[in-house]
Amino acid sequence: GENVEQHPSTLSVQEGDSAVIKCTYSDSASNYFPWYKQELGKGPQLIIDIRSNVGEKKDQRIAVTLNKTAKHFSLHITETQPEDSAVYFCAASLPTGNQFYFGTGTSLTVIP
Amino acid sequence: KAGVTQTPRYLIKTRGQQVTLSCSPISGHRSVSWYQQTPGQGLQFLFEYFSETQRNKGNFPGRFSGRQFSNSRSEMNVSTLELGDSALYLCASSGGQVLNTEAFFGQGTRLTVV
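Here the protein sequences line up with chains A and B, keeping their order. Heads up, the first sequence is in the numbering used here, so the first residue is 11 and it goes up one at a time. Heads up, the second sequence is in the numbering used here, so the first residue is 50 and it goes up one at a time.
As structure tokens, then:
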């Protein structure tokens, strides 16, 4: 099955700086890559996603890039704010249904 | 539009008992997936239901089962509970005809087995 690796496991940045989280996947048939933000006591919240026919997608301060050849994708958060502090998960999905393979998560702390 | 609703939010059960968790997806969504989240194993896929049929299944023992009703609401059942079943159980709702698409999670049911 698909295997998704995520780095780093923890990340601390100063408010206003950028944060980058990287993921790799193993199955070249995966074609959908969502990113989720999970705050304490809540379920994961979809923040951005990308399909394999697109190399980059941006939504305000958040962007995701995908390199199909290298089988890796990254989340970029610019101008970080304290409310960005949370655990972020990447995921990959095959075109067989809504079964997501998740990375192990990155705990992001934005220091005011 | 209402989000994904999971009930109950918290459960405490004794080892050996069984438990049923419920999930109401976003209105119009026909796909419901279930995940187990633990500190050690992270988010692991249990199963997905689409139009009352199990479409995908993860690598969990047969003690874990689920079903989906005609109104797309879903239940999952865990029989003969073990201490290791203590986890946050999350339900995700997806709509549309695309096989893999945006999934929206509920707040989860926190199950504690004692």
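Using N, Cα and C, we set each Cβ at its ideal position, and we do this for glycine too.
Let's test the definition: count the other Cβ atoms within 10 Å of the Cβ of Val147(B) and tell me whether it reaches 16, buried, or not, exposed. Looking at its Cβ environment, which holds fewer than 16 other Cβ atoms inside 10 Å, Val147(B) is exposed.
Three-state secondary structure (DSSP) at Gly133(B)? Helix.
Quick one: grab the DSSP three-state call for Pro110(B). DSSP places Pro110(B) outside both helix and strand once states are collapsed to three, so it counts as coil.
Could you tell me which residues DSSP puts in a beta bridge with Leu60(B)? Beta-bridge partners assigned by DSSP to Leu60(B): Leu160(B).
From Leu137(B) to Tyr84(B), what distance separates their C-alpha atoms? C-alpha separation (whole angstroms): 8 Å.
Are the CB atoms of Phe83(A) and Val74(A) nearer to each other than 8 Å? A contact, by the Cβ cut-off of 8 Å.
Measure from the alpha carbon of Asp94(A) to the alpha carbon of each residue in Thr34(A), Pro18(A), Lys47(A) and Thr20(A), then state which is nearest. The shortest C-alpha separation from Asp94(A) is found at Lys47(A).
Using only the alpha-carbon positions, how far apart do Leu21(A) and Ser119(B) sit? Going by C-alpha positions, Leu21(A) is about 44 Å away from Ser119(B).
In chain order, what residues of the same chain have a beta carbon less than 8 Å from the beta carbon of Val68(B), not counting five sequence neighbours either side? Around Val68(B), the same chain offers Leu60, Lys62, Asn126, Val127, Leu130 and Leu160 as residues with beta carbons nearer than 8 Å, after the five sequence neighbours per side are excluded.
Host beta strand (DSSP E) of Thr75(A) (start-end): Boundaries of the beta strand (DSSP E) harbouring Thr75(A): Ile72 to Asn77, taken from the DSSP string.
In angstroms with no decimal places, state the Cα-to-Cα distance between Arg112(B) and Ser117(A). Distance between the alpha carbons of Arg112(B) and Ser117(A): 32 Å.
Determine whether the Cβ of Phe113(B) lies closer than 8 Å to any Cβ atom of chain A. No, no contact with chain A.
Given this structure, state the Cα-to-Cα distance separating Arg58(B) from Gln90(B), to the nearest angstrom. Within the model, the alpha-carbon separation for Arg58(B) versus Gln90(B) is close to 21 Å.
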